[in-house]
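Going by my numbering, the sequence shown opens with residue -17, and the numbers climb by one from there. Glycine included, every Cβ here is placed at the ideal spot set by N, Cα and C. Structure first, then comments.
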Amino acid sequence: MASAASSAPAPSPSPSPSPSPAGPGLPKGYTLRTGYPPIPNYLHLRAASGLTPKTPAQAAPVAKNSWHGCYVTFTPNQSDAPTGESANTEIIVAMGRIIGDGGWYFHVADMAVLPEHQRKGLGDAVLKHLMQHIKENAPQDGTGAWG
């Protein structure tokens, strides 16, 4: 059965991703940004983190059809660059997004962190950012009070 389209359109992604406050616990060199990673990065993050691989055609509508998204970039310097990463080159190492109807139904999807960047609080920072976005932007009518 086909579902009816939501009357509230999904917000469009930012034309240029903007840095967000990283929050406590995000290590030096990491920046949380709102928006969505480019398709090649999205596909790489999914596959490298153990999520089901997708095709470019499947990834193409992600930004347009999501309610909100964010990702984490890492800019290593000479002393803290993991093996194989060039110093001072920003790379996308984590992501997450929210899909839903914009009213009361929200689902966190595509949470992924590259294995070499796991256990540093990045996934936690992404999830907290997404949950905060829901709390600040979802209609409160009928959804109850936020704790």
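#1: So, with DSSP's three-state summary, where would you put Arg15?
#2: Would you call the CB atoms of Leu96 and Leu27 closer than 8 Å?
#3: Out of Tyr24, Pro43, Val44 and Tyr12, state which residue places its alpha-carbon closest to the alpha-carbon of Pro35.
#4: So what does DSSP say about Ala91, is it helix, strand or coil?
#5: Measure the C-alpha to C-alpha separation of Trp49 and Asn59 and round it to an integer number of angstroms.
#6: So, Gly51 versus Arg79, is the Cβ gap smaller than 8 Å?
#7: Gly17 to Arg101, Cα distance in whole Å?
#8: Closest to Arg15 by CA distance: which of Val44, Tyr53 and Ala41 is it?
#9: Sort Glu98, Ala120, Ala91 and Asn119 by Cα distance to Val108 and report the nearest one.
#10: Leaving out five residues on either side along the sequence, give the residues of the same chain with a beta carbon under 7 Å from the beta carbon of Glu118.
#11: Would you mind reading off the limits of the beta strand (DSSP E) that contains Val75?
Taking the definition as stated:
#1: In the structure shown, Arg15 falls within a strand segment according to DSSP collapsed to helix, strand and coil.
#2: yes
#3: Tyr24
#4: strand
#5: When rounded, the distance between both Cα atoms is 34 Å.
#6: Cβ atoms of Gly51 and Arg79: closer than 8 Å.
#7: Per the coordinates, the alpha-carbon of Gly17 lies some 23 Å from the alpha-carbon of Arg101.
#8: Closest option to Arg15, Cα to Cα, is Tyr53.
#9: Ala91
#10: none
#11: Ile73 to Gly82
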